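S.K.: Submitted below is the structure of interest, expressed as structure tokens.
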């Protein structure tokens, strides 16, 4: 808590302890570890290199301890308690809220906490036991994660209705190279899908702009900054309102898989019912047939 708050007083307040008690705990920990963990001055408190190592592993230890206790509690109780869910931006922002609402209807004692990030970030948090489950698209480095592909996503190229390509009956590959593309950052599943599409179509756009999430990309496309490859999940509202238009490109829509990722073979009841919900609520992951 001291590392996260960067302040002894704020950590003590958060932990409902006195500042001297927090300081004593830190001193005892440093003695047990055999190294100084925090640099303290009048202006700041920050982790030493040893402290950074201890903090990183302590997060994993706390995550594992909490999971162990919950698994034991589940032997005699119904699905309840905290459930740490991570999701990549597309699924987390446009599909997950409906699923969590459905989860709360059936299991009101489950306490979901959601973290949204790109695929790489979510995979790292699941690996370090800071998340119980992740929902991601694209590839990730962590070989130890259990991957369960459960949904297919269709991705399409979109433009403003007033864009020069919007009224073309069939967009040519040369057209796609000559316009500005707005794309996601490295590490994003959507960025990986975009790079794969460029490769499969054999095109190299002359100008690209990188944005950190889907929402500003949609707004940029709508404003006429350029075109983009986006999930149909993310643009349903804009298509209905005719704020964005799908371009007719040979070889599209581009398809990708969404996966559930976990670490431990043991699952809490809360996690079991959530994964079951993901597998059995296909209506929430289908698209409006009109579009």
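Residue numbers (the UniProt record's numbering): 1 to 291.
Note that CB positions come from ideal geometry on N, CA and C, so glycine has one too.
All of these numbers come straight from a predicted model, not from anything done at the bench.
(1) Is it a yes or a no for the stretch 87-104 touching the stretch 112-122, going by three-plus beta-carbon pairs under 8 Å?
(2) What residue ranges within the stretch 59-98 form continuous beta strand (DSSP E) runs of no fewer than 3 residues, ordered along the chain?
(3) Please work out which residues of its chain come closer than 8 Å, Cβ to Cβ, to residue 276, disregarding the five sequence neighbours upstream and downstream, and give them in chain order.
(4) How far does the beta strand (DSSP E) with residue 292 in it extend, from its first residue to its last?
(5) By how many angstroms is the C-alpha of residue 149 removed from the C-alpha of residue 256?
(6) Given this structure, state the Cα-to-Cα distance separating residue 199 from residue 208, to the nearest angstrom.
(7) Given residue 64, which residues of its chain have a CB within under 8 Å of its CB, disregarding the five upstream and five downstream residues?
(8) Assuming residue 217 and residue 179 form a contact by the criterion Cβ under 8 Å, report the distance between their Cβ atoms to the nearest whole angstrom.
(9) Under a three-way DSSP split, which group does residue 22 fall into?
(10) If distances are taken between C-alpha atoms only, which option among 26, 3 and 258 comes closest to residue 147?
(11) Would the stretch 179-198 count as touching the stretch 76-90 if we require 3 or more Cβ pairs under 8 Å?
(12) Thinking C-alpha only, which one of 266, 280, 6 and 281 is nearest residue 75?
(13) Looking at the structure shown, is residue 244 part of a helix, part of a strand, or coil, going by DSSP?
(14) Determine, using beta carbons only, whether residue 244 and residue 222 come nearer to each other than 9 Å.
(15) Using 8 Å for Cβ pairs, my map puts residue 229 next to residue 157. What's the rounded Cβ distance?
(16) Can you give, in chain order, each stretch of the alpha helix (DSSP H) that sits fully within the stretch 168-205 and has at least 4 residues?
(17) Rounded to whole angstroms, what is the Cα-Cα separation between residue 270 and residue 18?
(18) With 16 as the cutoff for other CB atoms within 10 Å, does residue 279 come out buried or exposed?
(19) In this structure, does DSSP put residue 293 in helix, strand or coil?
M.R.: Taking the definition as stated:
(1) yes
(2) 81-88
(3) As a first step, residue 276 must be located in the chain shown, where it is residue number 276. Around residue 276: no qualifying Cβ.
(4) Given a span of 1 to 291 for the chain in the structure shown, any question on residue 292 remains unanswerable.
(5) Mapped onto the chain shown, residue 256 falls at position 256. Mapped onto the chain shown, residue 149 falls at position 149. C-alpha separation (whole angstroms): 10 Å.
(6) Walking along the chain shown from the start, residue 199 turns up at place 199. Walking along the chain shown from the start, residue 208 turns up at place 208. Distance between the alpha carbons of residue 199 and residue 208: 15 Å.
(7) Taking the first residue of the chain shown as position 1, residue 64 is located at position 64. Contacts found: 129.
(8) Here the question's residue 217 lines up with position 217 in the chain shown. Here the question's residue 179 lines up with position 179 in the chain shown. The pair is not a contact, with the Cβ atoms about 15 Å apart (cut-off 8 Å).
(9) In the chain shown, counting from the first residue as 1, residue 22 sits at position 22. The answer is helix: DSSP assigns residue 22 an H, G or I state.
(10) Locating residue 147 in the chain shown gives position 147, where the first residue counts as 1. Residue 147 has its Cα closest to that of 258, out of 26, 3 and 258.
(11) yes
(12) In the chain shown, counting from the first residue as 1, residue 75 sits at position 75. Of the candidates 266, 280, 6 and 281, the one whose C-alpha sits nearest the C-alpha of residue 75 is 266.
(13) Looking up residue 244 in the chain shown gives position 244. DSSP places residue 244 in coil when its eight states are reduced to three.
(14) As a working mapping, residue 244 is identified with position 244 in the chain shown. As a working mapping, residue 222 is identified with position 222 in the chain shown. Against a cut-off of 9 Å, the Cβ pair of residue 222 and residue 244 comes out as a contact.
(15) In the chain shown, the residue the question calls residue 229 occupies position 229. In the chain shown, the residue the question calls residue 157 occupies position 157. 5 Å between Cβ atoms; contact.
(16) 173-178 and 189-201
(17) What you label residue 270 is simply residue 270 of the chain shown in a count that begins at 1. What you label residue 18 is simply residue 18 of the chain shown in a count that begins at 1. Approximately 35 Å, taken between the alpha carbons.
(18) Along the chain shown, read from residue 1 onward, the residue named residue 279 stands at position 279. With fewer than 16 other Cβ atoms within 10 Å, it is exposed.
(19) Nothing in the structure corresponds to residue 293, since the chain is present only between 1 and 291.
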